[in-house]
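2 protein chains.
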Amino acid sequence: MTLQIPLGSRVRKSPFFDALVAHGLTHVTVYNHMLMPASFGDPAEEYTALMERVSLWDVSCERQVEIVGPDAFALAQYVSARDLEGMRVGQVRYAPLCDHQGTLINDPMVLKLADDQYWLSIADSDVLWWVKAVAAERGMDCRVFEPDVSPLAVQGPRAEDTVADLLGEWVRKVPFFGFVATEHQGIPLVVCRSGWSGQGGFELFLQDGSRGMDLWNLVWAAGEKYGIHPGGPTLNERIESGLFSYRADCGGEATPLEVGLGRFLSLDRTDDFIGKEALLAEHTAGPKRRLVTVLLSGERLTDTSEHPWPALDADGQAVGEVRVATWSPKHESNLAIALVASPVAGNSFTTITPDGQTLTATHLNFFGLDR
Amino acid sequence: MTLQIPLGSRVRKSPFFDALVAHGLTHVTVYNHMLMPASFGDPAEEYTALMERVSLWDVSCERQVEIVGPDAFALAQYVSARDLEGMRVGQVRYAPLCDHQGTLINDPMVLKLADDQYWLSIADSDVLWWVKAVAAERGMDCRVFEPDVSPLAVQGPRAEDTVADLLGEWVRKVPFFGFVATEHQGIPLVVCRSGWSGQGGFELFLQDGSRGMDLWNLVWAAGEKYGIHPGGPTLNERIESGLFSYRADCGGEATPLEVGLGRFLSLDRTDDFIGKEALLAEHTAGPKRRLVTVLLSGERLTDTSEHPWPALDADGQAVGEVRVATWSPKHESNLAIALVASPVAGNSFTTITPDGQTLTATHLNFFGLDR
Numbered sequence: 000m001t002l003q004i005p006l007g008s009r010v011r012k013s014p015f016f017d018a019l020v021a022h023g024l025t026h027v028t029v030y031n032h033m034l035m036p037a038s039f040g041d042p043a044e045e046y047t048a049l050m051e052r053v054s055l056w057d058v059s060c061e062r063q064v065e066i067v068g069p070d071a072f073a074l075a076q077y078v079s080a081r082d083l084e085g086m087r088v089g090q091v092r093y094a095p096l097c098d099h100q101g102t103l104i105n106d107p108m109v110l111k112l113a114d115d116q117y118w119l120s121i122a123d124s125d126v127l128w129w130v131k132a133v134a135a136e137r138g139m140d141c142r143v144f145e146p147d148v149s150p151l152a153v154q155g156p157r158a159e160d161t162v163a164d165l166l167g168e169w170v171r172k173v174p175f176f177g178f179v180a181t182e183h184q185g186i187p188l189v190v191c192r193s194g195w196s197g198q199g200g201f202e203l204f205l206q207d208g209s210r211g212m213d214l215w216n217l218v219w220a221a222g223e224k225y226g227i228h229p230g231g232p233t234l235n236e237r238i239e240s241g242l243f244s245y246r247a248d249c250g251g252e253a254t255p256l257e258v259g260l261g262r263f264l265s266l267d268r269t270d271d272f273i274g275k276e277a278l279l280a281e282h283t284a285g286p287k288r289r290l291v292t293v294l295l296s297g298e299r300l301t302d303t304s305e306h307p308w309p310a311l312d313a314d315g316q317a318v319g320e321v322r323v324a325t326w327s328p329k330h331e332s333n334l335a336i337a338l339v340a341s342p343v344a345g346n347s348f349t350t351i352t353p354d355g356q357t358l359t360a361t362h363l364n365f366f367g368l369d370r
Numbered sequence: 000m001t002l003q004i005p006l007g008s009r010v011r012k013s014p015f016f017d018a019l020v021a022h023g024l025t026h027v028t029v030y031n032h033m034l035m036p037a038s039f040g041d042p043a044e045e046y047t048a049l050m051e052r053v054s055l056w057d058v059s060c061e062r063q064v065e066i067v068g069p070d071a072f073a074l075a076q077y078v079s080a081r082d083l084e085g086m087r088v089g090q091v092r093y094a095p096l097c098d099h100q101g102t103l104i105n106d107p108m109v110l111k112l113a114d115d116q117y118w119l120s121i122a123d124s125d126v127l128w129w130v131k132a133v134a135a136e137r138g139m140d141c142r143v144f145e146p147d148v149s150p151l152a153v154q155g156p157r158a159e160d161t162v163a164d165l166l167g168e169w170v171r172k173v174p175f176f177g178f179v180a181t182e183h184q185g186i187p188l189v190v191c192r193s194g195w196s197g198q199g200g201f202e203l204f205l206q207d208g209s210r211g212m213d214l215w216n217l218v219w220a221a222g223e224k225y226g227i228h229p230g231g232p233t234l235n236e237r238i239e240s241g242l243f244s245y246r247a248d249c250g251g252e253a254t255p256l257e258v259g260l261g262r263f264l265s266l267d268r269t270d271d272f273i274g275k276e277a278l279l280a281e282h283t284a285g286p287k288r289r290l291v292t293v294l295l296s297g298e299r300l301t302d303t304s305e306h307p308w309p310a311l312d313a314d315g316q317a318v319g320e321v322r323v324a325t326w327s328p329k330h331e332s333n334l335a336i337a338l339v340a341s342p343v344a345g346n347s348f349t350t351i352t353p354d355g356q357t358l359t360a361t362h363l364n365f366f367g368l369d370r
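Residue numbers (numbering that gives the first Met the number 0), protein chains in the order written: chain A, 0 to 370; chain B, 0 to 370.
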């Protein structure tokens, strides 16, 4: 289905927006009240550039929630279901956030900028309100706000070469989930080895929105000899790589244990954190649902699924949902993510497409991030 | 600029979505993580239908935050900057919500469904997280969740006839900002005289998402003899009618006093509420900025502005932003909403369009809701 999106000041443009338009932007979506590029008109080439060369993504919509002040660590630690003790400045941890009932409300990367300064680099929900409310109601001594920070992702096998050519050979030594604050041609940046693909690369956290076009153009120029291509988070690649998408994969009502984020929970922590009691109880009882990756039978899907499809067991009973279905070049098969009842997870089931076809879903793996 | 939006399970479809498609939906935006219809391809006719006949809008994206339990009133009252004392069941109050610094975070309608049950019918931010965090951290005895409720708005001079033909003559007695819970052909509904236009009408809060198509079709059939037309919130009409749009008009960092919502603040309340201290201080000092409606010079705008334009005083100094600029049929002029420094508000200023034209902004009024 072809639907246009009207632009207006309710949904923010990023500092890189004019560059996106100049490069032939065709599809956008909305993420954290900001436009996010989805395609430049050739998804197959965008996939290839990411897998074989280097791809440049405006992910400004990964907004930062900055926590700064004497209680910054205590607050970050209390809202995080993963222990943040022992982080050094320049380190990142991927940390599920839950509500008090143990429901996942976001899955940010946490960056430690200083002993009293953290960023939560968030998925699509207003974590700013959550953290502000908790801080204020607990009387914590810190400031919580959204800073002028706009990540630009450079992803793919030649991403390191591109960023090294731009910033220097030193970037090759930045470890995965490590970052360095720097400046280039007067542009303040946090250079982090991270990104929402399995192909490696960096996220450049621009700290001055007025320099967006400068940064984009510098990265573009550095990447030209490596075949840089404009893109955005790439649906089939991220499923192939086992990267979780909050909301897309689970809606708003799932738990980290259901969606395969259990390894990022620190349930043996002795300190209190939001959701601890509920998560411990769920851990004991076992999650009621599981997120799985499955191969789907049938003709090659020409479009990604537009909404969840029902998952059915052998008796035709509803057992969950196929959340996202698409074509996978890697598997040369239709590939899907499904959130299904735990007894079904690991086994085959069926699903029905909007045009009435019944497809068989064959278990590939339990979904989870290798981080 | 023409940009498409890809569909997928990250952004929810409403229970009315298939009806929108059947009626020729062409433009959608995203609001509260849900698709919201923006146009069916003929904005001029959509405006005319709203002004002269009756228009049907899927506003499911106005999500409800339900608060239910012994502490429901205490919680709603604490998060609301407007006093909710004295509300009767079946009444609505429009109530700004602020953070602890007095910044506006949403401007819901509050519906009192029972002494221990409230809905916040919200604008575009995750108030669910805010209210849940406050409830849990204060140890309040109530449940906070998003119920299966999807508002369908029937707006325009023939909206009352349409809804009366469908549900009965009794609806004519429902007062403005009053509601009645009812059922029609087995469809559970809350029938509320409200809506985001100045043309009158109802919002039908569907309480069973599986009946979306049934409700849409019933309303459509009732409205056919009145010339019902599909539409959505209508930008120029809402500015003409002085209806505030959170985020569009102010971004994420304004106060209720700045944007003309002062009359909905109960600053003389003796009980504590979030933001009270900051709002009292701002009230004493006077807001630094004001939201104003202005007429803009120049050729008729063919499109609504895509992002804020700078507002400049006579010396060319930046004094704020033109947040939204569009053509107004009512004023037969370009019309805009601007958030400008208080000394400038009430006077003329200039703005510069993306193609470099300087336009004169002539003061029309200080923005505010007549509710």
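Beta carbons: idealized from backbone N, C-alpha and C, even for Gly.
| Can you list the residues of chain A that residue 305(B) reaches, using a CB-CB cut of under 9 Å? | Under the 9 Å cutoff, chain A gives 5, 6, 7, 8, 12.
| Which of helix, strand or coil DSSP assigns to residue 96(B) | DSSP places residue 96(B) within a strand segment (E or B) once states are collapsed to three.
| Using a beta-carbon distance below 9 Å, is residue 369(B) in contact with chain A? | Below a pLDDT of 50, predicted positions are generally treated as unreliable, and residue 369(B), at 44, falls in that range; the measurement from the model is reported next regardless. Judged by the 9 Å Cβ criterion, residue 369(B) is not in contact with chain A.
| request: Determine the burial state of residue 106(A): buried for a count of at least 16 other Cβ atoms within 10 Å of its Cβ, exposed for fewer. | output: Residue burial annotation: residue 106(A) is buried, with at least 16 other C-beta atoms found within 10 angstroms of its C-beta.
| request: Using a Cβ cut-off of 9 Å (strictly closer), state whether residue 264(A) contacts chain B. | output: No, its Cβ sits nowhere closer than 9 Å to a Cβ of chain B.
| request: Could you check what DSSP says for residue 198(B) in three-state terms: helix, strand or coil? | output: The answer is coil: DSSP assigns residue 198(B) none of H, G, I, E or B.
| Where DSSP assigns a beta bridge to residue 294(B), which residues make up the other side? | Paired residue(s): 334(B), 361(B).
| query | Does the beta-carbon of residue 152(B) have 16 or more other beta-carbons within 10 angstroms, so that it is buried, or is it exposed? | reply | Label assigned to residue 152(B): buried.
| request: For residue 322(B), decide whether its Cβ has a neighbour in chain A, counting only Cβ atoms nearer than 9 Å. | output: At least one chain A Cβ lies under 9 Å of residue 322(B).
| query | Which parts of the stretch 131-188 of chain B are runs of the alpha helix (DSSP H), unbroken and 4 residues or longer, counting only runs that do not cross its ends? | reply | You should have 158-166.
| task | With 9 Å as the limit, tell me which residues of the stretch 112-140 of chain B have their beta carbon closer than that to any beta carbon of chain A; keep them in chain order. | result | Those residues of the stretch 112-140 of chain B placed with their C-beta closer than 9 Å to a C-beta in chain A are 123, 124, 125, 126, 127, 128, 129, 130, 131, 132, 133, 134, 135, 136, 137, ordered along the chain.
| field | Outcome for residue 8(B) when other beta-carbon atoms lying within 10 angstroms are tallied against a minimum of 16 | value | Residue 8(B) comes out buried.
| query | Going along the stretch 45-71 of chain B in order, which residues come within less than 9 Å of chain A, judged by CB to CB distance? | reply | For the stretch 45-71 of chain B, there are no residues whose beta carbon sits under 9 Å from a beta carbon of chain A.
| So, residue 222(A) versus residue 58(A), is the Cβ gap smaller than 9 Å? | Contact: no.
| message | Tell me which residues of the stretch 216-249 of chain A have at least one Cβ-Cβ distance to chain B shorter than 7 Å, keeping chain order. | response | For the stretch 216-249 of chain A, the residues whose beta carbon sits under 7 Å from a beta carbon of chain B are, in order, 244, 246, 247.
| said: Quick check: what's the CA-CA separation for residue 236(B) versus residue 40(A)? | reply: Cα-Cα distance, rounded: 35 Å.
| message | Using a 10 Å radius around the Cβ and a threshold of 16 neighbouring Cβ atoms, would you call residue 327(B) buried or exposed? | response | By the C-beta density criterion, residue 327(B) is buried, having at least 16 other C-beta atoms within 10 angstroms.
| task | Taking only beta carbons into account, state which residues of the stretch 16-27 of chain B come closer than 9 Å to chain A, listed in chain order. | result | Residues 16, 20, 24, 25, 26, 27.
| What is the DSSP secondary structure of residue 216(B), reduced to helix, strand or coil? | Residue 216(B): helix per DSSP, three-state reduction.
| task | Ignoring anything shorter than 3 residues or poking outside the stretch 263-327 of chain A, list the beta strand (DSSP E) runs there in chain order. | result | Fully enclosed beta strand (DSSP E) runs of 3 or longer: 288-295, 308-311, 317-327.
| field | Opposing strand residues paired with residue 191(B) [DSSP bridges] | value | According to the DSSP secondary-structure assignment, residue 191(B) is paired through a beta bridge with 178(B), 202(B).
| said: Is there a C-beta anywhere in chain B that falls below 9 Å from the one on residue 196(A)? | reply: Closer than 9 Å: no.
| task | Return the chain-ordered list of same chain residues with a C-beta closer than 6 Å to the C-beta of residue 277(B), the five sequence neighbours on each side being excluded. | result | Here the set comprises 100, 101.
| query | Cβ atoms of residue 350(A) and residue 360(A): under 9 Å apart, would you say? | reply | Contact flag set, yes.
| request: To the nearest angstrom, report how far apart residue 303(A) and residue 335(A) are at their CA atoms. | output: Between residue 303(A) and residue 335(A), the C-alpha separation is close to 10 Å.
| For residue 382(A), the first and last residue of its enclosing beta strand (DSSP E) | Chain A is shown only over 0 to 370; residue 382(A) falls outside these bounds and no answer can be derived.
| Roughly how many angstroms lie between the CA atoms of residue 62(B) and residue 145(B), to the nearest whole one? | If you take the alpha carbons of residue 62(B) and residue 145(B), they lie about 7 Å apart.
| Residues in its own chain within less than 6 Å of residue 123(B) by CB, not counting five upstream and five downstream? | Excluding positions up to five away in sequence, the list reads 30, 31, 246.
| Where does residue 354(A) sit, in a helix, a strand or coil, going by DSSP? | Looking at residue 354(A) - three-state DSSP - the assignment turns out to be coil, as it is neither helix nor strand.
| query | DSSP state of residue 369(B), grouped into three classes? | reply | For residue 369(B), the predicted structure reports a pLDDT of 44, less than 50, and the residue's modelled location is therefore unreliable. A value from the coordinates is still provided. If DSSP states are grouped into helix, strand and coil, residue 369(B) belongs with coil.
| task | Consult DSSP for residue 66(B) and reduce its assignment to one of helix, strand or coil. | result | DSSP, reduced to helix, strand and coil, places residue 66(B) within a strand of the structure shown.
| Can you tell me whether residue 333(A) is buried or exposed, with buried defined as 16 or more other CB within 10 angstroms of its CB? | With 16 or more other Cβ atoms inside 10 Å of its own Cβ, residue 333(A) counts as buried.
| said: Could you tell me the alpha carbon to alpha carbon distance between residue 287(B) and residue 11(A), rounded to whole angstroms? | reply: Going from the Cα of residue 287(B) to the Cα of residue 11(A) covers about 23 Å.
| said: So within the stretch 16-72 of chain A, which uninterrupted beta strand (DSSP E) runs reach at least 3 residues, ignoring any that extend past its ends? | reply: You should have 26-30, 33-38, 53-57, 63-67.
| field | residue 119(B) - containing beta strand (DSSP E), residue span | value | Per DSSP, residue 119(B) belongs to the beta strand (DSSP E) from 116-120.
| query | Are residue 67(A) and residue 113(A) close, meaning C-beta to C-beta below 9 Å? | reply | In terms of Cβ geometry, residue 67(A) and residue 113(A) form a close pair [threshold 9 Å].
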